[in-house]
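Asker:
2 protein chains.
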Amino acid sequence: MSEKVRATITDVARLAGVSAKSVSRVVNEEVGVSAETRLRIQAAIAELKYVANPAARRLRGASNALGLVISEFEDYAGQITHGMSQAAQHLDYNLVLYVQNMPGQPAKSYEAFINSGLINGLLMIVPYDYELLVRLCETHGIAYVLVDYEGHAPAANVPTISVTNRKGVLDAMRYLLVLGHRKIGFITGQMDKASARERLAGYEDALAEAGIARDPSLIVEGNWTQIGGLETTRVLLERHPDLTAIIGSDDLTAFGAMDAIKDAGMRVGEDISVIGFDDIPQAAGVYPPLTTVRQPMNAMGAAAVELLIAMLDERPPVSLHREFATELVIRGSTGKPPPHPPTPSP
Amino acid sequence: MSEKVRATITDVARLAGVSAKSVSRVVNEEVGVSAETRLRIQAAIAELKYVANPAARRLRGASNALGLVISEFEDYAGQITHGMSQAAQHLDYNLVLYVQNMPGQPAKSYEAFINSGLINGLLMIVPYDYELLVRLCETHGIAYVLVDYEGHAPAANVPTISVTNRKGVLDAMRYLLVLGHRKIGFITGQMDKASARERLAGYEDALAEAGIARDPSLIVEGNWTQIGGLETTRVLLERHPDLTAIIGSDDLTAFGAMDAIKDAGMRVGEDISVIGFDDIPQAAGVYPPLTTVRQPMNAMGAAAVELLIAMLDERPPVSLHREFATELVIRGSTGKPPPHPPTPSP
DNA sequence: CTGTAGTACGTCAACGTTGACGTATTCATA
DNA sequence: TATGAATACGTCAACGTTGACGTACTACAG
């Protein structure tokens, strides 16, 4: 929390009682340093958490960056990234990419990235180990913004971009209710994420608003995947052959629901309506096209960059949180409920 | 082709007959420069294609980079990016991201990126305007590698990572033929891409090998999208109610084919088999799971980084091209053809 | 004991840029 | 006419690092 200043090679040299050049030799694994001196320098490096400044190295001729040009990413995180890249180009910033391999990477790896002096702020889209990353940012005095897709429900003072999860599902439900649906299944996301809980709350809000009793057997827990949507929908259909609509907590889940419905010999949008959440590019391309709650992903990415740069410029932002409104996009996967339930229950 | 050395602020200053500081003032839009001097400096900047060196700026305290941490991208380009990021972390390189908004962006924008001195090599995944980008790289003496997903059929001296497109489809066809399929539809990609043409050639190879006459009405032109797969499959099914298998030139196309087949009241993998190409993460999650030709995308990304760094280190690589083998992944979307064609033709 | 080579350091300058500060010129005002 | 202020520059140093080069010390051969 205190050591906000990056240690330089000179700091290490002073602490170890040698010249900067000797430290450089150790860092670059050159010869010409005695074993004991090397040890002393390594201790100093560890103590000060010294990481060589890539900018200085680069200026000196040593090289360490590759550019990556890409036309489009098609998925959720990619859409946000796209928005970020546009905004960054516009504001004359570069984006240095770090893709996590899996949760639980050594903190050292993150630390080298955060503490390298290469970047002055950090954007995070649904990262693994987010608490650790946030902590490292705070330790090293690096500003950051969390794009809170999966709604980790961070502390109030954590800068966040999010969407109206609850309201989004509420809108979707209202639309289904207006169409005449009464028996509506809901597939949650991973319930350890705040956004999953918020979306479920939106479903419950709508039921309450319409005076429909909450039936727990209409709610199943998915996992944000297509296969999860498929499996949970099968459960729902077995429990409730007479349900007429299903809301998935994201588009992939909804795709899986569509798969299950078709597989059961019913027609999506006629026998059973399906609504997703996100509006990834593919949502418009499936058959029938998916009705879904759109997140303005491009705008969210851009907003994240703008918020972060505002913080860096010490222009105090209006608020640390920016919540975007969702929008219901109506396509072919929804319609009026069939006059008679597809498979009347006894 | 000649101006391989980046101009510095001092070069500009010399050409304009002023001090470096004055150039700095113009570049940073500070006051204190007369209109005529400003014009002279701007001319010099344009002539030398001067772009301020971000490393020097950063060292000086001026800031211009944001980090982006992300857990996963789920689509094709994202998978490759993931492989690149891993390899780059391992080799102690950073990845600076540039996402194109659309084809035909001002060359100036690319040039600023390539000529900034920020990066020493460039990776490109299916970029728009690839000829322009390659030309800019050559002009500025920046090494590059093209990850040639859509197979732009570049000149022989262009460093490329690719896959065995032709062999991949050939393998898929052989598998279908062994299962007993004889009437197999093929949906191409965008035919201005070499990879689309190569994949089609693989289809034709297999027909020739099996002694089946090539029927042009079984070949339709898609566009690498799910909706394209849907529409072209409808055409195929209308023309050939008795076909028993369809190969799509990528997974999204195959998803669309599955949609069309289901919509026509038939069962994927039973009435009609479907094979895709790529093996994006979603392929295993659709229903039925998609049989597809896998591209080792992670390995391709890593190989691209390694090839590029080898070039930068002037370790002459074994070859400028690296072609990866595809692998047929058999899942539920394929099976034996039905004993009788689903809808016998008259 | 001198000469030579090897090892373990240190010193210095430079990479390209810009903030702080200095200086010359112009022009208006007292 | 002297004074002050504004404008248009230039000079210098520093950001953090490392290549080139210098220097001390040790070891060993002649």
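So the sequence lines, in the order shown, correspond to chains A and B.
Using my numbering, read the first sequence as starting at 1 and increasing by one per residue.
Using my numbering, read the second sequence as starting at 347 and increasing by one per residue.
We treat Cβ as the ideally placed atom computed from N, Cα and C, and that holds for glycine.
All values reported here derive from a predicted model rather than from experimental measurement.
Are any of the Cβ atoms in chain B nearer than 9 Å to that of D215(A)?
Answerer: Taking the first sequence and counting its residues from 1, the one referred to as residue 215(A) is at position 215. Not an interface residue.
Asker: So, with DSSP's three-state summary, where would you put D313(A)?
Answerer: For the purposes of this step, residue 313(A) is taken as residue 313 along the first sequence, with counting starting at 1. Reduced to three states, the DSSP call for D313(A) is coil.
Asker: From the beta carbon of A196(A), is the nearest beta carbon of chain B less than 9 Å away?
Answerer: Along the first sequence, one-based indexing puts residue 196(A) at 196. False, the Cβ-Cβ gap to chain B never drops below 9 Å.
Asker: Less than 9 Å separating the beta-carbons of M657(B) and V504(B)?
Answerer: Taking the first residue of the second sequence as 1, we reach residue 657(B) at position 311. Taking the first residue of the second sequence as 1, we reach residue 504(B) at position 158. Not closer than 9 Å, so no.
Asker: Give the range of the alpha helix (DSSP H) segment to which N165(A) is assigned.
Answerer: Translated into positions along the first sequence, residue 165(A) becomes position 165. That run of the alpha helix (DSSP H) goes 165 to 179.
Asker: T354(B): which of E382(B), I426(B), A398(B), S365(B) sits nearest, CA to CA?
Answerer: Position 8 of the second sequence holds residue 354(B). Comparing Cα-Cα distances from T354(B) to each of E382(B), I426(B), A398(B), S365(B), the minimum goes to A398(B).
Asker: Please confirm whether H82(A) has its beta-carbon closer than 9 Å to some beta-carbon of chain B.
Answerer: The residue labelled residue 82(A) in the question sits at position 82 within the first sequence. So yes, H82(A) belongs to the interface.
Asker: For S619(B), which residues in the same chain have their Cβ closer than 8 Å to its Cβ, ignoring the five residues on either side in sequence?
Answerer: Position 273 of the second sequence, counted from the start, is the residue given in the question as residue 619(B). Within the same chain, S619(B) has close Cβ partners L522, L525, H527, T590, A591, I592, T637, S679, T680, G681, P683.
Asker: Can you list, in chain order, the residues of its chain whose CB lies under 6 Å from that of I219(A), leaving out five sequence neighbours each side?
Answerer: Here the question's residue 219(A) lines up with position 219 in the first sequence. So the list reads F186, once near-sequence residues are dropped.
Asker: Does the CB of G104(A) have a neighbour CB from chain B at under 9 Å?
Answerer: Sequence index remark: in the first sequence, residue 104(A) carries index 104 (1-based). So no, G104(A) is outside the interface.
Asker: Could you compute how far the alpha carbon of M1(A) sits from the alpha carbon of S431(B)?
Answerer: Here residue 1(A) is taken as the residue at index 1 of the first sequence, counted from 1. Here residue 431(B) is taken as the residue at index 85 of the second sequence, counted from 1. Residue placement at M1(A) is poorly supported in this model, since its pLDDT is 35, which falls under 50; the coordinates still yield a value, given next. Our two residues, M1(A) and S431(B), have alpha carbons roughly 29 Å apart in a direct line.
Asker: Looking at the structure shown, is N399(B) part of a helix, part of a strand, or coil, going by DSSP?
Answerer: Counting from one through the second sequence, the residue named residue 399(B) turns up at place 53. The answer is coil: DSSP assigns N399(B) none of H, G, I, E or B.
Asker: What residues of chain A sit near P473(B), judged by a beta carbon separation below 8 Å?
Answerer: Residue numbering aside, residue 473(B) sits at position 127 when the second sequence is read from its first letter. The answer, in chain order, is V69, I70, S71.
Asker: Do three or more CB pairs link the stretch 437 to 456 of chain B to the stretch 668 to 678 of chain B at distances below 8 Å?
Answerer: no
Asker: Given that L123(A) touches chain B, what residues does it touch there, using C-beta distances under 9 Å?
Answerer: In the first sequence, the residue the question calls residue 123(A) occupies position 123. In chain order: L412, G413, L414, V415, I416.
Asker: Taking V620(B) as part of the beta strand (DSSP E), name the residues at either end of that continuous run.
Answerer: Against the second sequence, residue 620(B) aligns to sequence position 274. 619 to 624 is the extent of the beta strand (DSSP E) around V620(B).
Asker: Keeping to the same chain, check which residues put their C-beta closer than 6 Å to that of G121(A); ignore five residues upstream and five downstream.
Answerer: For the purposes of this step, residue 121(A) is taken as the residue at position 121 of the first sequence. Around G121(A): A143, L308, L312.
Asker: What does the Cβ neighbour count give for K367(B), buried or exposed, with the cut at 16 atoms within 10 Å?
Answerer: Indexing the second sequence from 1 puts residue 367(B) at position 21. Classification for K367(B): exposed.
Asker: At a cut of 8 Å, does the stretch 597 to 607 of chain B reach the stretch 571 to 579 of chain B through at least three beta carbon pairs?
Answerer: yes
Asker: Among E567(B), S508(B), R543(B), G568(B), which residue has its Cα nearest to the Cα of L666(B)?
Answerer: Here residue 666(B) refers to the residue found at position 320 when the second sequence is read from its first residue. Checked all of E567(B), S508(B), R543(B), G568(B); the closest Cα to L666(B) is S508(B).
Asker: Which runs of the alpha helix (DSSP H) at least 4 residues long sit entirely within the stretch 58 to 117 of chain A? Give them in chain order.
Answerer: 76 to 90, 107 to 114
Asker: Using DSSP bridges, identify the partner residues of E221(A).
Answerer: As a first step, residue 221(A) must be located in the first sequence, where it is residue number 221. DSSP output for E221(A) lists T188(A) as bridge partner(s).
Asker: Counting only beta-carbon atoms, is R404(B) nearer than 9 Å to chain A?
Answerer: Your numbering for residue 404(B) matches position 58 in the second sequence. Put simply, the CB of R404(B) is near chain A, with a gap under 9 Å to one of its CB atoms.
Asker: Would you tell me roughly how many angstroms separate the C-alpha atoms of D263(A) and Y633(B), rounded to the nearest one?
Answerer: The residue labelled residue 263(A) in the question sits at position 263 within the first sequence. The residue labelled residue 633(B) in the question sits at position 287 within the second sequence. So the alpha carbons of these two residues sit roughly 8 Å apart.
Asker: Excluding the five sequence neighbours on either side, which residues of its own chain have a C-beta within less than 7 Å of the C-beta of L441(B), listed in chain order?
Answerer: What you label residue 441(B) is simply residue 95 of the second sequence in a count that begins at 1. Correct list, in chain order: M430, S431, A434.
Asker: Does the distance from the CB of S595(B) to the CB of A542(B) come in under 9 Å?
Answerer: Working through the second sequence from its first residue, we reach residue 595(B) at position 249. Working through the second sequence from its first residue, we reach residue 542(B) at position 196. Cβ atoms of S595(B) and A542(B): closer than 9 Å.
Asker: Give the interface partners of A645(B) over in chain A, defined as CB-CB distance under 9 Å, in chain order.
Answerer: Within the second sequence, residue 645(B) is the residue found at index 299, counting from 1. Neighbours of A645(B) on chain A: none; closest Cβ ~14 Å, over 9 Å.
Asker: What three-state label does DSSP hand G202(A) in the structure shown?
Answerer: By one-based count along the first sequence, residue 202(A) stands at place 202. Looking at G202(A) - three-state DSSP - the assignment turns out to be helix.
Asker: With burial defined as no fewer than 16 other Cβ atoms inside 10 Å of the residue's Cβ, what is the status of L385(B): buried or exposed?
Answerer: On the second sequence, position 39 is the one that residue 385(B) refers to. Exposed, because fewer than 16 other Cβ atoms sit within 10 Å of the Cβ of L385(B).
Asker: Which class does G229(A) belong to by DSSP, given the choice of helix, strand or coil?
Answerer: In the first sequence, residue 229(A) corresponds to position 229, counting from 1. It is helical.
Asker: Find out if the Cβ-Cβ distance for the pair A280(A), A172(A) is shorter than 9 Å.
Answerer: Indexing the first sequence from 1 puts residue 280(A) at position 280. Indexing the first sequence from 1 puts residue 172(A) at position 172. According to the sequence displayed, residue 280(A) carries Ile and not Ala. Cβ distance not < 9 Å, so I280(A) and A172(A) don't count as in contact.
Asker: Distance, Cα to Cα, Y409(B) vs A458(B)?
Answerer: Here residue 409(B) is taken as the residue at index 63 of the second sequence, counted from 1. Here residue 458(B) is taken as the residue at index 112 of the second sequence, counted from 1. One point to set straight first is that residue 409(B) is Ser, not Tyr, in the sequence displayed. Each residue's Cα considered, the two are about 16 Å apart.
Asker: What does the alpha-carbon distance come out to for the pair E3(A) and D624(B)?
Answerer: Against the first sequence, residue 3(A) aligns to sequence position 3. Against the second sequence, residue 624(B) aligns to sequence position 278. For E3(A), the predicted model reports a pLDDT of 42, less than 50, meaning its position is unreliable and no value from the coordinates is stated.
Asker: For Y144(A), write down the residues that DSSP places opposite it in a beta bridge.
Answerer: Counting from one through the first sequence, the residue named residue 144(A) turns up at place 144. L122(A), per the DSSP bridge assignment.
Asker: Distance cutoff 9 Å, beta carbons only. Does E349(B) sit that close to anything in chain A?
Answerer: Here residue 349(B) refers to the residue found at position 3 of the second sequence. At E349(B) the pLDDT is 42, less than 50, meaning the model places this residue with poor confidence and gives no usable figure here.
Asker: Run through DSSP, which three-state label would A556(B) get?
Answerer: Position 210 of the second sequence holds residue 556(B). A556(B) falls in the helix class under three-state DSSP.
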